[in-house]
Every structure is written in structure tokens, then in C-alpha cells.
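Quick note on numbering: the working numbering labels position 77 of the sequence shown as 285, and the sequence is numbered without any gaps.
Built from N, CA and C at the ideal position, the CB exists for glycine as well.
Predicted model only: the values in this text are computed from it and were never measured.
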Amino acid sequence: MKDTEIIDNTECMNIAIVGTGYVGLVTGTCFAETGANVFCIDTNVEKIENLKKGIIPIYEPGLEDMVLRNVKAGRLHFTTSLPECLDQVSIVFCAVGTPPNEDGSADLSYVLDVARTIGASMNRYVLVVTKSTVPVGTARKVKEVIREEFDKRGVDIEFDVASNPEFLKEGNAINDFMTPDRVVVGIESERARHLMTKLYRPFLLNNFRVIFMDIPSAEMTKYAANSMLATRISFMNDIANLCELVGADVNMVRSGIGSDSRIGRKFLYPGCGYGGSCFPKDVKALIRTAEENGYEMRVLKMVEEVNESQKDILYRKLLKYYQGELKGKTVAIWGLAFKPETDDMREAPALVLIDKLLQAGCHVRVYDPIAMDEARRRIGDTVYYACDMYDALLNADALLLVTEWKAFRLPAWGVMKRTMNQSVIFDGRNIYDAAELKEMGIIYHCIGK
209 MKDTEIIDNT
219 ECMNIAIVGT
229 GYVGLVTGTC
239 FAETGANVFC
249 IDTNVEKIEN
259 LKKGIIPIYE
269 PGLEDMVLRN
279 VKAGRLHFTT
289 SLPECLDQVS
299 IVFCAVGTPP
309 NEDGSADLSY
319 VLDVARTIGA
329 SMNRYVLVVT
339 KSTVPVGTAR
349 KVKEVIREEF
359 DKRGVDIEFD
369 VASNPEFLKE
379 GNAINDFMTP
389 DRVVVGIESE
399 RARHLMTKLY
409 RPFLLNNFRV
419 IFMDIPSAEM
429 TKYAANSMLA
439 TRISFMNDIA
449 NLCELVGADV
459 NMVRSGIGSD
469 SRIGRKFLYP
479 GCGYGGSCFP
489 KDVKALIRTA
499 EENGYEMRVL
509 KMVEEVNESQ
519 KDILYRKLLK
529 YYQGELKGKT
539 VAIWGLAFKP
549 ETDDMREAPA
559 LVLIDKLLQA
569 GCHVRVYDPI
579 AMDEARRRIG
589 DTVYYACDMY
599 DALLNADALL
609 LVTEWKAFRL
619 PAWGVMKRTM
629 NQSVIFDGRN
639 IYDAAELKEM
649 GIIYHCIGK
């Protein structure tokens, strides 16, 4: 089939998603929701068996119900074998992990392993789409690996590669995927363009906006987007820290600059640093890509430096309040995940904070609505895991709010005052009203005020 030939629109869309982590599972499930026949593939046998039983490995609002519904409808399948699926699918998405190497570069070994398997097993045309966040030039490497496997087999089969970076926000991923503001697709052929247009049309019936571009530009777009958002966060944290020194209120400053249509209001909230699976990793990877090409990303280096410093700002405030004497103090922490509506603790500010408090000799009591099991897996029994938010406050000398879960927004202040040794709050997300707390006799510290 030539590039310009049209594929029959009545043909059922069969696709494979390799990797059932956060991106892969959400992607596969959402495609199945629109009628595609989806094979989700992972080498982790236990994870696949659990998924077949309806046991979801990640927390994401709405995902479990959607998985169960599409498995029951026969549109969503879980398997450990990619070769068994290749003859049945027209598109293979690679959604495996790209963890950072020690030098900050992205580890592409899992991505290239998928390419190797495809090259060793495919017998007919397949569009290979990189969904993982990968540096510029990865699609070219994927193509080279597939052709190397063809040479070993002595075959020459037509295939295409494409780049389709994800822009999902943890805690809102289903909505982001089902009603995207844009879909970025890097392609090299009209055949690939047609397949990706057909696949995404159900998502964009009301506002059809697939942005097609060359593959290197698509690969760069993901890193540039996350790095820009990370830059806004670090910039506002820098402004917030300066506001404290000069007597300004960062909330008023944020309102003032956010009203400028050229700037906008999003990602201008100061706090105790960003974390998660995307921003820290992608900023590092883009810095490294620049270095490999003889260029220095000076702004991004400072973005990273500001963020790392901001992660222990609550510790510094606490240390100052107690005049350097923290040994033996009991400190409560509300929020462990890097953001609300997820159990993800990768690069979470809470991890830095807990480590600092333990080193200072504090007794740490923690609570998070979702991330308690993940915390146990990461830090073991080094802290006390509270049964609820008020249990965390028992005999505490201070409360540190790290993650702005909705459950923390309107606490019973009277219960807090009776439960804590001292009514002192360090708010890392600026969610409380300082005047209200002052009236109740609660000592309140926040960011940038």
C-alpha cells in the first residue's frame, strides 16, 4: 500500500499499547472507550494478571470503572506478549518508562527493546508510535533498531514511525485524554497521518485539533511544554521568597500579573516545589540534550536549582521558628503525594521534608488520603502513619501542609487546637486564611507573605 492510499474507514481499529504504567494504561483504556480494540502489553506478569482481575496498579480518578467496563465489553485486553498481537494491529504505541540516567539523560533502553521486539516479530505494515517522553532523535533510533532486526531476518517490510507525546495531568488524566485541547503528532508519511487522524477523530468531534508536524518537533514539544510550566512555578517561588523579604503579598502579586492576558493565571501558584514523574525528569533531560549538542540551557538550570531549594522551605521556616532546636519535636505532615488526586510520590517535596526532619531528630506523623501505601514502600517505618488527618496532629508541635488535598481545606480548627501541643501551621500551598487563623489564636506561616 502506498502513502496516498486510503484505509477503509469501516475497518475495526486494532492497536497495541506497550507498557501499562500511568501513561500506557490511561491511553489504552481511553482508546478502548471510543471503540478501538486495544491490547495492553507489559512484561510484568503479576501486573498483567492483576489487571485481568480488575486490580489497577495506579490511582487515577475514574480509571478503574473505565477499565472494568471496557474489559467486560471485550475491547480491552491484557497480555505479556507483543509478538502475539503484531499481526492483529495497525498501530503499536510505545509507552514504556524513560527514567533518568545519572547524568540526567533519558534512559531509552526500554523504548529500544520494544523496537527490537517489533523488528524481530512483525510480518506486515505497522505504525510504531512513541508515546513515552523521549529526547529528539529517538524516532530515528527506533527506526534504525527495527531495520537492524529486519536485516537479521533477511526481510524488508514497510513500516512507519511517529511521535505522539502525552500531555496528561495526574488526577485529571481521563478528562485530559478524552477532551484534549490539542493532540501533537509527528509523522513522516501520509499513511501515518491518515491512521492517526482516524484514531483520534472520536476525541475531537467538537473541536478537531490534531497538530501534525515533523517528528523532531513533536519530540521537542513535550519537553518544551513541561519545561515552560516548571519555569513558571520556579519563577513564582522566587518571587514569593522575595515578597517575604520586602513585605509584599505574593497572592496579590500573582493576581496582578495573572490578569495580564500575555501571562495568564495558570501555574503561578507559589509553594514548596514541584515534583512528580514529568517536570523534574524532563527538565533534566532537556538540559542534557542541550549539553550533548554544545548548548547550555541557562534558564532551565536555574529553574531546577530554585525548585530543589524550595523543597525544604517549610523545614527552614520550622527551624527558624524553633530557633534551630528541633530535636525531640513532633511534626505532623498533611499530604505526601506530589499533588492531589494521585498516589505518585516521585520527586515529591514531602520526601525531602521528611528526610530533613528525621535527620534533625524529629518525630514525624504523616497522613495522605491516597499515598500512604506508596509512602510505606518508599520510606518504610521511619515515620508514624496516621489513621486520619487528626490522628497525625496528636501532640504535634507543628503542622506542615505539603499537598493541597480538598480534605484539608476546611479542617475543624477547634479539634486541631485541642489535639496539638502547639497550634502552629506551616502552609506550603497557601490554602488557609491568615486573618481567620489569627483570630482563633493559631500561629500561621505560608509562602510569600
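C-alpha gap between Arg355 and Lys349, whole angstroms: In the sequence shown, the residue the question calls residue 355 occupies position 147. In the sequence shown, the residue the question calls residue 349 occupies position 141. Taking the straight line joining both Cα atoms gives about 10 angstroms.
Straight-line gap, Phe358 to Pro291 (C-alpha atoms, nearest Å): Within the sequence shown, the letter at position 150 stands for residue 358. Within the sequence shown, the letter at position 83 stands for residue 291. Those two C-alpha atoms are separated by around 15 angstroms.
DSSP-derived helix/strand/coil call for Ala579: Within the sequence shown, residue 579 is the residue found at index 371, counting from 1. DSSP places Ala579 in coil when its eight states are reduced to three.
Alpha-carbon to alpha-carbon, Gly466 and Asp315: On the sequence shown, position 107 is the one that residue 315 refers to. On the sequence shown, position 258 is the one that residue 466 refers to. Whole-angstrom Cα-Cα distance: 37 angstroms.
Within the stretch 317 to 404, ranges of the beta strand (DSSP E) (whole runs, at least 3 residues): Correct list: 334 to 338, 367 to 371 and 391 to 394.
Nearest candidate by alpha-carbon position, reference Arg554, set Lys525, Ile587, Val511 and Gln567: As a first step, residue 554 is located in the sequence shown; it is residue number 346 there, counting from the start. Nearest option by C-alpha distance: Ile587.
Residues bridged to Phe286 [DSSP beta-bridge criterion]: As a working note, residue 286 is residue 78 in the sequence shown. Its beta-bridge partners are Cys248.
C-alpha gap between Arg506 and Leu276, whole angstroms: In the sequence shown, the residue the question calls residue 506 occupies position 298. In the sequence shown, the residue the question calls residue 276 occupies position 68. Straight-line measurement puts the Cα of Leu276 at about 47 angstroms from the Cα of Arg506.
Contacting residues, own chain, Cβ-Cβ under 6 angstroms from Ala400 (five flanking each side not counted): Position 192 of the sequence shown, counted from the start, is the residue given in the question as residue 400. Taken in chain order, the residues that qualify are Leu335, Asp368 and Ala370.
Ser289, buried or exposed, once every other Cβ within 10 Å from all chains shown has been counted against 16: What you label residue 289 is simply residue 81 of the sequence shown in a count that begins at 1. So Ser289 counts as exposed.
Helix, strand or coil at Ala568 according to DSSP, with G and I counted as helix: One-based indexing of the sequence shown puts residue 568 at position 360. DSSP places Ala568 in the coil class of the three-state scheme, outside both helix and strand.
Reference Leu437; option with closest CA among Pro410, Asp250 and Cys486: Taking the first residue of the sequence shown as position 1, residue 437 is located at position 229. When only C-alpha atoms are compared, the closest one is Cys486.
Leu284 beta carbon less than 8 angstroms from that of Thr728: Limits of the chain in this structure are 209 at one end and 657 at the other, which puts residue 728 out of reach.
Boundaries of the beta strand (DSSP E) in which Asn222 is found, first to last residue: One-based indexing of the sequence shown puts residue 222 at position 14. First-last of the beta strand (DSSP E) with Asn222: Asn222 to Val226.
Selection from Ile447, Glu254, Cys302 and Thr346 that minimises the alpha carbon distance to Pro424: Along the sequence shown, one-based indexing puts residue 424 at 216. Measuring from the Cα of Pro424, the nearest candidate turns out to be Thr346.
Same chain, Cβ closer than 8 angstroms to Lys255, neighbours up to 5 away in sequence not counted: By one-based count along the sequence shown, residue 255 stands at place 47. Taken in chain order, the residues that qualify are Thr228 and Pro265.
CB of Thr235 within 8 angstroms of CB of Glu374, strictly: Here residue 235 refers to the residue found at position 27 of the sequence shown. Here residue 374 refers to the residue found at position 166 of the sequence shown. In this structure, Glu374 lies closer than 8 angstroms to Thr235 by Cβ.
Span separating the alpha-carbon of Trp613 from that of Glu549: Residue mapping note: residue 613 aligns to position 405 of the sequence shown, counting from 1. Residue mapping note: residue 549 aligns to position 341 of the sequence shown, counting from 1. One alpha carbon belongs to Trp613, the other to Glu549, and they sit about 7 angstroms apart.
Nonlocal neighbours in the same chain, by C-beta distance under 8 angstroms from Thr387, ignoring five residues either side: Against the sequence shown, residue 387 aligns to sequence position 179. So the qualifying residues of the chain are Phe411.
Reference Tyr230, options Glu272, Glu257, Lys261 and Gln296, closest by Cα: Numbered from 1 along the sequence shown, position 22 holds the residue referred to as residue 230. The option with the nearest alpha carbon to Tyr230 is Glu272.
Bridge partner(s) assigned by DSSP for Cys302: Counting from one through the sequence shown, the residue named residue 302 turns up at place 94. Here Cys302 is bridged, per DSSP, to Val226 and Thr338.
Where the alpha helix (DSSP H) through Asp596 begins and ends: Taking the first residue of the sequence shown as 1, we reach residue 596 at position 388. Unbroken run through Asp596: none, as it is neither H nor E.
Through-space distance from Arg585 to Asp321, alpha-carbon basis: Here residue 321 is taken as the residue at index 113 of the sequence shown, counted from 1. Here residue 585 is taken as the residue at index 377 of the sequence shown, counted from 1. Going by C-alpha positions, Asp321 is about 28 angstroms away from Arg585.
Whole-angstrom distance between Leu476 and Ile447, CA atom to CA atom: As a working note, residue 447 is residue 239 in the sequence shown. As a working note, residue 476 is residue 268 in the sequence shown. Cα-Cα distance, rounded: 10 angstroms.
Cα-Cα separation, Val393 to Lys339: Counting from 1 along the sequence shown, the entry for residue 393 is found at position 185. Counting from 1 along the sequence shown, the entry for residue 339 is found at position 131. Looking at the two C-alpha atoms, the distance is approximately 10 angstroms.
Meets three-Cβ-pair contact criterion under 8 angstroms: the stretch 537 to 544 and the stretch 502 to 518: The stretch 537 to 544 makes no contact with the stretch 502 to 518; the number of CB pairs closer than 8 angstroms stays below 3.
DSSP-derived helix/strand/coil call for Ala540: Indexing the sequence shown from 1 puts residue 540 at position 332. DSSP places Ala540 in strand when its eight states are reduced to three.
Secondary structure of Ile266, DSSP reduced to three states: The residue you call residue 266 lines up with position 58 of the sequence shown. Residue state for Ile266 is assigned as coil, using DSSP reduced to three classes.
Residue span of the alpha helix (DSSP H) that contains Tyr652, given as start and end: Along the sequence shown, one-based indexing puts residue 652 at 444. If you look at Tyr652, you'll find it isn't in any alpha helix (DSSP H); it sits in the beta strand (DSSP E) that goes Ile651 to His653.
Cβ-Cβ distance between Leu407 and Met274 below 8 angstroms: Here residue 407 refers to the residue found at position 199 of the sequence shown. Here residue 274 refers to the residue found at position 66 of the sequence shown. For the pair Leu407 and Met274, the CB atoms are not nearer than the 8 angstroms cut-off.
DSSP state of Thr218 mapped onto helix, strand, coil: Reading the sequence shown from its first residue, position 10 is the one you call residue 218. The pLDDT assigned to Thr218 is 39, lower than 50, so where the model puts this residue is not dependable; a value taken from the coordinates is nonetheless given after this. Coil, per DSSP.
For Val491, the nearest candidate out of Tyr530, Asn434 and Asn445 (CA to CA): Counting from 1 along the sequence shown, the entry for residue 491 is found at position 283. Minimum Cα distance to Val491 is reached at Asn434.
Local Cβ density within 10 Å of Leu233, reported as buried at 16 or more and exposed below that: For the purposes of this step, residue 233 is taken as residue 25 along the sequence shown, with counting starting at 1. It is buried - the Cβ of Leu233 has at least 16 other Cβ atoms within 10 Å.
Close beta carbons around Val253, own chain, < 8 angstroms, minus the five adjacent residues each side: The residue given as residue 253 occupies position 45 in the sequence shown. Hits under 8 angstroms: Thr288.
DSSP bridge partner residues for Phe634 (one or two, in chain order): Numbered from 1 along the sequence shown, position 426 holds the residue referred to as residue 634. DSSP output for Phe634 lists Leu608 and His653 as bridge partner(s).
Candidates Thr627, Cys480, Ile495 and Lys519: closest to Ala540 by CA position: Taking the sequence shown and counting its residues from 1, one reaches residue 540 at position 332. Residue Thr627 is the option with its Cα nearest to Ala540.
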